[in-house]
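Q:
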Amino acid sequence: MAKYTELASTLVELIGGKKNVTAAWHCVTRLRFNVKDDSKIRIDAIKNTKGVMGAQFSGDQFQIIIGNDVSNVFDEVEEQLGTLSGEAGDGKGKNGNIVNQLMDTISGIFTPALPALVGTGLLKGVLALCTAFNWLQLESTGYQVLNIIADCAFYFLPFILAVSSAKKFKTNEYLALCIAGSLLYPSMTAGAAALMAGETVNQLSLFGILPIPYLTYSSSVIPIILATYLLKYVYDFVKKWMPATLTTMFTPMLTLLIVIPVTLIVLGPIGTYIGGALASVITWLFNSAGFIGGAIIGAFYPLLVMTGMHWAISPIMIDTFAKFGFDNTLMPAMLAATFAMAGATFGVFLKTKNKDMKQLSLSAGMSAILGITEPALYGVVLKLKRPLYAAIVSGGIVGIFFNLFNVKTFGMAMPGLIAIPGYVDASNGQNIIITIVGSLAAFLIAAGLTWVLGFTEETEDTSQSKTEGSVASGKQLNISSPVSGELVPIETVSDATFSEQIMGYTVAINPNSNKIKSPVEGEVIMIAETKHAIGLKSVDGLEILLHLGIDTVELQGKGFEPQVKVGDHVSVGDSIMSMDIKFIKESGYDPVVLTIITNSNDYLKVLPIHSEDAINFSDELSVVVS
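Residues 1 to 626, numbered by the UniProt record's numbering, are exactly what the sequence shown covers, in order.
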């Protein structure tokens, strides 16, 4: 859709263009990017873009919170980014430490796998519900087929993580799948099963020298990630030294001959023992002092989501499921945190007098109940602060409650209403009852605390009177017209992003000249790869985006010829771009020139100066009061 295309185009420009992006992916609410130079990201302009709920750095990632439309926006972003260079940044600065890199790696591996894990995990919960109420018998063929569907992603998890790991490490996905295949090869799985059954098996070894242990790699996480990381370096090394005429045949063969034995002999066992140890430690902690763990996860899970640290516990959670078949530690506490967030948001809905906030809190609260908490977190509770405190207190209390009653979940699904069926325990009918009672309590406690604590909202009238009362004493910064033509009422522009001035104060001109000139003295800070937009920063600090036409990003640069390059200093009236108005119109696009002050919120007031319809180059267009 056009609105997603335009939003994607704007976001790609504001993060520094395609050349600044090394990787891009998304989760259920956020666009996630790795970039070369984060100083090129115009985060304030991104936050003020319509369709964006928030933006932040988390470790080595730059995240843009979109909400429920994230997959549609990402499709357009991916289309515009095309094939990425894959060049990493320098790893220095605020995002370069090893913890941030680890969080970024885990997130990049598990986020693409979420649809498979959530979809099958939810079905596991539904199957548990069906068997508990005797709607399906374990021996029935219907149950067996559905169980195949529900279990396939977890059993063959190494294959799924092989693909996402290879993409993250930028190595060959098909060789990674071969490594996963060796872990789950019938000889390996049969040998492991025989040992578990107490049978005697022949020791597997490489040339009778190096022993290969039989281990269960189904549902495993760490072995394939370690193996894929090794694959990247071995593959690159072999390819570098292999003659070009032989590389197609011999590089893959030599790579697999090195990586698979090392994986089966060393990395696989190490990864298995590490994963099992982590799961055992978490289980021991929750069994020994579980109320502390329940309180911490239940209270601060929203903050883990904010920082991206929640990805750090994903491998532990999966290993817990693989080892025990259920989770009575992390996921119940996460469920408490989710319903607490939903309750705090509905508390805002009930108390607020602001129509926009009432509408936002209602939709965000509904999403939170279903397990998607980012709209509530970023759009409501963080802005108002006290509702966040209410969610933290409520989540911590119910996290303790769930642990004291040893609540278990048998389905790995996104914590929320859809995950409730996974708490059906065929051997303990109270498990689901306690889960429902606790979830309801988390919701009501948070909503009640939000009502009692209250929150402060800025009204539109107060904001406006404050601004107008200080206009007269401010310094004035002039902006000239970048093109000759005719002024167009901004509300008549066909794209709502511009007509509603989402990106900042905007003036529209229907041009009668192909020449675009600089409206200020300053520096060229951005030229869109598709050449339909150019960004300037004046010597006074004004940030101006000249957007040439509506949906002209689809022309892929045709009809535009930049006269400057990024970093050039320009004066008022200098030629900076040539646009072929005739070609743009014949191609079916509106050539309207939009002058957008993207940091207009940093100033007291922006006022129009030119009162006539016709306007010429360098006529005074607007004045900014600082």
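Ideal Cβ positions, reconstructed from N, Cα and C, are used throughout, including at glycine.
Near P261, which residues of its chain fall below 6 Å by C-beta distance, leaving aside the five closest residues on each side in sequence?
A: Mapped onto the sequence shown, residue 261 falls at position 261. Take P261, set aside five residues on each side of it, and the residues of its chain with a beta-carbon closer than 6 Å to its own are L206, in chain order.
Q: Could you tell me whether the segment 332-340 touches the segment 434-446, where touching means 3 or more Cβ pairs closer than 8 Å?
A: yes
Q: Whole angstroms is fine: what's the gap from W284's alpha carbon to K385's?
A: As a position in the sequence shown, residue 284 is number 284, starting the count at 1. As a position in the sequence shown, residue 385 is number 385, starting the count at 1. In this structure, the CA atom of W284 is about 35 Å from the CA atom of K385.
Q: Excluding five sequence neighbours on each side, which residues of the same chain lie with their C-beta closer than 8 Å to the C-beta of residue 650?
A: Lying outside 1 to 626, the shown extent of the chain, residue 650 is not represented and no answer is given.
Q: Looking at C-alpha atoms only, which residue of F62, G416, Y217 is the closest neighbour of M188?
A: If you number the sequence shown from 1, residue 188 lands on position 188. Ranking F62, G416, Y217 by Cα distance to M188 puts Y217 first.
Q: Which residue's Cα is closest to the Cα of S494: L146, S481, S518, I550?
A: Here residue 494 refers to the residue found at position 494 of the sequence shown. Considering only alpha carbons, the answer is I550.
Q: Count Cβ pairs between the segment 257-274 and the segment 228-235 that sit closer than 8 Å; are there 3 or more?
A: yes
Q: Give me the Cα-Cα distance between M526 and M412, rounded to the nearest whole angstrom.
A: For the purposes of this step, residue 526 is taken as the residue at position 526 of the sequence shown. For the purposes of this step, residue 412 is taken as the residue at position 412 of the sequence shown. Spanning the two alpha carbons is a distance of roughly 44 Å.
Q: Taking the beta strand (DSSP E) that R32 falls in, what are its first and last residues?
A: Translated into positions along the sequence shown, residue 32 becomes position 32. First-last of the beta strand (DSSP E) with R32: 30-35.
Q: Please tell me whether S165 has its Cβ less than 8 Å away from any Cβ of chain D.
A: Absent from the structure is chain D; it holds one protein chain and no more.
Q: Report the option in P608, G16, L175 whose CA atom is closest to the CA atom of V625.
A: Mapped onto the sequence shown, residue 625 falls at position 625. For V625, the nearest C-alpha among the options comes from P608.
Q: On the three-state DSSP scale, how would you describe M577?
A: Residue numbering aside, residue 577 sits at position 577 when the sequence shown is read from its first letter. In this structure, M577 counts as strand in the three-state DSSP scheme.
Q: Note down, in chain order, each residue of its chain lying with its Cβ closer than 6 Å to the Cβ of A447, except the 5 sequence neighbours on either side.
A: Numbered from 1 along the sequence shown, position 447 holds the residue referred to as residue 447. Contacts found: G343, F346, G347.
Q: According to the Cβ coordinates, are I534 and V593 closer than 8 Å?
A: As a first step, residue 534 is located in the sequence shown; it is residue number 534 there, counting from the start. As a first step, residue 593 is located in the sequence shown; it is residue number 593 there, counting from the start. Not closer than 8 Å, so no.
Q: Between which two residues does the alpha helix (DSSP H) containing I434 stretch?
A: Walking along the sequence shown from the start, residue 434 turns up at place 434. Its alpha helix (DSSP H) spans residues 430-453.
Q: Given 7 Å as the limit, tell me if K40 has its C-beta closer than that to any heavy atom belonging to the ligand SAH.
A: Within the structure as shown, the ligand SAH is missing, as the structure has no ligands at all.
Q: Taking all protein chains shown into account, decide if D540 is buried (16 or more other Cβ within 10 angstroms of its Cβ) or exposed.
A: In the sequence shown, residue 540 corresponds to position 540, counting from 1. By the 10 Å Cβ count, D540 comes out exposed.
Q: Within a Cβ cutoff of 7 Å, which residues of the same chain sit near F62, ignoring the five residues on either side of it in sequence?
A: Start at 1 with the first residue of the sequence shown, and residue 62 comes out as number 62. Taken in chain order, the residues that qualify are I15, F33, V35, D38, I41.
Q: In the structure shown, what three-state DSSP assignment does K531 receive?
A: Taking the sequence shown and counting its residues from 1, one reaches residue 531 at position 531. In the structure shown, K531 sits in coil (DSSP, three-state: anything other than H, G, I, E or B).
Q: Name, in chain order, the residues that DSSP records as bridge partners for L594.
A: As a first step, residue 594 is located in the sequence shown; it is residue number 594 there, counting from the start. BP columns for L594 point to A508, H547.
Q: Assuming the contact rule is C-beta atoms closer than 8 Å, F402 and P332 should be a hit. Round their C-beta distance to whole Å, please.
A: Your numbering for residue 402 matches position 402 in the sequence shown. Your numbering for residue 332 matches position 332 in the sequence shown. Correct: roughly 4 Å between the Cβ atoms.
Q: To which residues of the same chain is E173 closer than 8 Å at the C-beta, ignoring the five residues directly before and after it?
A: To locate residue 173, count along the sequence shown from 1; it is residue 173. Taken in chain order, the residues that qualify are A162, V163, A166, K167.
Q: I need the straight-line Cα distance from F321 to D327, nearest angstrom please.
A: Here residue 321 is taken as the residue at index 321 of the sequence shown, counted from 1. Here residue 327 is taken as the residue at index 327 of the sequence shown, counted from 1. Near 6 Å, if we compare the C-alpha coordinates of D327 and F321.
Q: Nearest to T329 by CA position, among I297, L360, Q359, is which residue?
A: Residue mapping note: residue 329 aligns to position 329 of the sequence shown, counting from 1. Comparing Cα-Cα distances from T329 to each of I297, L360, Q359, the minimum goes to I297.
Q: Let's see if you can read the secondary structure: which residues bound the beta strand (DSSP E) around K517?
A: For the purposes of this step, residue 517 is identified with residue 517 of the sequence shown, where counting begins at 1. 515-517 is the extent of the beta strand (DSSP E) around K517.
Q: Quick check on the DSSP output: what are the complete alpha helix (DSSP H) runs of length 4 or more inside the segment 169-239, in order along the chain?
A: 173-183, 186-196
Q: What's the call for S473, buried or exposed, on a 16-neighbour Cβ count within 10 Å?
A: The residue given as residue 473 occupies position 473 in the sequence shown. Any reading at S473 must be qualified, since the residue scores a pLDDT of 39, below 50, and its modelled position is unreliable; no value is offered.
Q: When we look at the beta-carbon of G395 and count the other beta-carbons within 10 Å, is it buried (16 or more) or exposed?
A: Position 395 of the sequence shown, counting from 1, holds the residue named residue 395. So G395 ends up on the buried side.
Q: Quick one: what's got a C-beta closer than 6 Å to A55's C-beta in the same chain, skipping five residues either side?
A: Walking along the sequence shown from the start, residue 55 turns up at place 55. Correct list, in chain order: I43, I46, K47, I64.
Q: Mind checking whether L453 and I418 have CB atoms under 8 Å apart?
A: For the purposes of this step, residue 453 is taken as residue 453 along the sequence shown, with counting starting at 1. For the purposes of this step, residue 418 is taken as residue 418 along the sequence shown, with counting starting at 1. No. Outside cutoff.
Q: State buried or exposed for S427, treating a residue as buried only when at least 16 other CB atoms are found within 10 Å of its CB.
A: Translated into the one-based positions of the sequence shown, residue 427 becomes position 427. The residue in question, S427, is exposed, as its Cβ has fewer than 16 Cβ neighbours within 10 Å.
Q: Please state whether DSSP places D71 in a helix, a strand or coil.
A: Here residue 71 refers to the residue found at position 71 of the sequence shown. One point to set straight first is that residue 71 is Ser, not Asp, in the sequence displayed. Helix, per DSSP.
Q: Residues bridged to I64 by DSSP?
A: To locate residue 64, count along the sequence shown from 1; it is residue 64. In the DSSP output, where bridge partners are listed per residue, I64 has L31, A55.
Q: Which residues does DSSP list as the beta-bridge partners of T409?
A: On the sequence shown, residue 409 is found 409 positions in, with the first residue counted as 1. Partner(s): D327.
Q: Looking at K239 and T251, is the spacing between their C-beta atoms short of 8 Å?
A: The count along the sequence shown starts at 1 and reaches residue 251 at position 251. The count along the sequence shown starts at 1 and reaches residue 239 at position 239. In this structure, the beta-carbon distance from T251 to K239 falls below 8 Å.
Q: Quickly, what does DSSP pair P562 with across the bridge? List them, please.
A: Walking along the sequence shown from the start, residue 562 turns up at place 562. For P562, which the question treats as bridged, DSSP gives the partners M577.
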